[in-house]
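Count along the sequence shown from 1, add 4, and you get the number used in my numbering. The C-beta atom is built at its ideal place from N, Cα and C for all residues, glycine as well. The structure displayed is predicted, hence computed values, not measured ones.
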Amino acid sequence: MNRRVISIGLIVLGLALVFVSVLITANNREEQDFPAIRLPEQLAGIFRYSMVTGPQALDEISFMHGKEFELISGARGTYGQRGEITVWVSSASSENAANELVEEMTEKIAEGNSPFIPTGEDLLGGRIIHRLEGLGQVHFYFQSGNLVIWFGVDSELADQALVQVLDYYP
5 MNRRVISIGL IVLGLALVFV SVLITANNRE EQDFPAIRLP EQLAGIFRYS
55 MVTGPQALDE ISFMHGKEFE LISGARGTYG QRGEITVWVS SASSENAANE
105 LVEEMTEKIA EGNSPFIPTG EDLLGGRIIH RLEGLGQVHF YFQSGNLVIW
155 FGVDSELADQ ALVQVLDYYP
């Protein structure tokens, strides 16, 4: 009976070690699969209040759109305690994939089934900057390489924040 208890104990210990090694491997893979995306420390004189990156940010992005996208990483930064500015940055697998994402977003918003109303497009620095209104803020989105940047900002901070976000993501 003593041998049986020892055998069962060793089996349980072995399974526990396998479980822990799987968790460690999965955690390391998660960090590798979701490269870090930088967010500005402050925008329009307002410091970043909170930040979410990696899988959690991608979950938020998917939830907002009601679907998953082919993204390799994501980040969300909230500026100010009242959320005066919120920036979402998504990293696509390529510039073409990012461009397709921007085009798809533009088409979906144009259908009129979103809380956002397009108010214009500007060509700044060779990029198309989409401007919208909704949810009590001014919103902008654009592509920067393989990144797609969307941010909502209180109207009185919009122009200053736009210049700074465009400088941060050239």
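Exercise. Where does the unbroken alpha helix (DSSP H) through LEU43 begin, and where does it stop?
Worked result: As a working note, residue 43 is residue 39 in the sequence shown. No alpha helix (DSSP H) holds LEU43; DSSP gives it neither H nor E.
Exercise. Expressed to the nearest angstrom, what Euclidean distance is found between the alpha-carbon atoms of LEU139 and GLU104?
Worked result: Numbered from 1 along the sequence shown, position 135 holds the residue referred to as residue 139. Numbered from 1 along the sequence shown, position 100 holds the residue referred to as residue 104. Cα to Cα, LEU139 sits roughly 25 Å from GLU104.
Exercise. Taking DSSP as the reference, what is the three-state secondary structure of GLU137?
Worked result: As a first step, residue 137 must be located in the sequence shown, where it is residue number 133. Of the three classes helix, strand and coil, the one that applies to GLU137 here is strand, per DSSP.
Exercise. Among ASP171, ARG86, GLU108 and ARG52, which has the Cα closest to the Cα of GLU74?
Worked result: Stepping through the sequence shown from its first residue, residue 74 is reached at position 70. Nearest of ASP171, ARG86, GLU108 and ARG52 to GLU74, Cα basis: GLU108.
For this session: From the DSSP output, read off the bridge partner residues of ILE50.
Result: In the sequence shown, the residue the question calls residue 50 occupies position 46. ILE50 pairs with LEU47.
Problem set entry | Residue span of the alpha helix (DSSP H) that contains GLU115, given as start and end | Residue 115 sits at position 111 when you count from the first residue of the sequence shown. Premise fails: GLU115 is in no alpha helix (DSSP H) and is neither H nor E.
Exercise. Out of GLN60, ASP63 and ARG80, which has the shortest C-alpha to C-alpha gap to LEU43?
Worked result: Residue 43 sits at position 39 when you count from the first residue of the sequence shown. Considering only alpha carbons, the answer is ARG80.
Exercise. So, using beta-carbon positions, are GLY78 and SER98 closer together than 8 Å?
Worked result: The sequence position of residue 78 within the sequence shown is 74, counting from 1. The sequence position of residue 98 within the sequence shown is 94, counting from 1. No, Cβ-Cβ distance for GLY78 and SER98 is not below 8 Å.
Exercise. Tell me which same chain residues have a C-beta within less than 6 Å of the C-beta of ALA48, skipping the five on either side of it?
Worked result: Indexing the sequence shown from 1 puts residue 48 at position 44. Cβ neighbours of ALA48 beyond the five flanking positions: LEU161, GLN164 and ALA165.
Problem set entry | Own chain, CB closer than 8 Å to ARG52, minus 5 neighbours either side, in chain order | What you label residue 52 is simply residue 48 of the sequence shown in a count that begins at 1. Around ARG52: LEU43, PRO44, GLU45, GLN46, GLY81, THR82 and TYR83.
Exercise. Out of ALA102, VAL169 and ILE113, which has the shortest C-alpha to C-alpha gap to GLY149?
Worked result: Here residue 149 refers to the residue found at position 145 when the sequence shown is read from its first residue. The option with the nearest alpha carbon to GLY149 is ALA102.
Problem set entry | Backbone CA spacing between TRP92 and ALA61 [nearest angstrom] | Numbered from 1 along the sequence shown, position 88 holds the residue referred to as residue 92. Numbered from 1 along the sequence shown, position 57 holds the residue referred to as residue 61. Those two C-alpha atoms are separated by around 8 Å.
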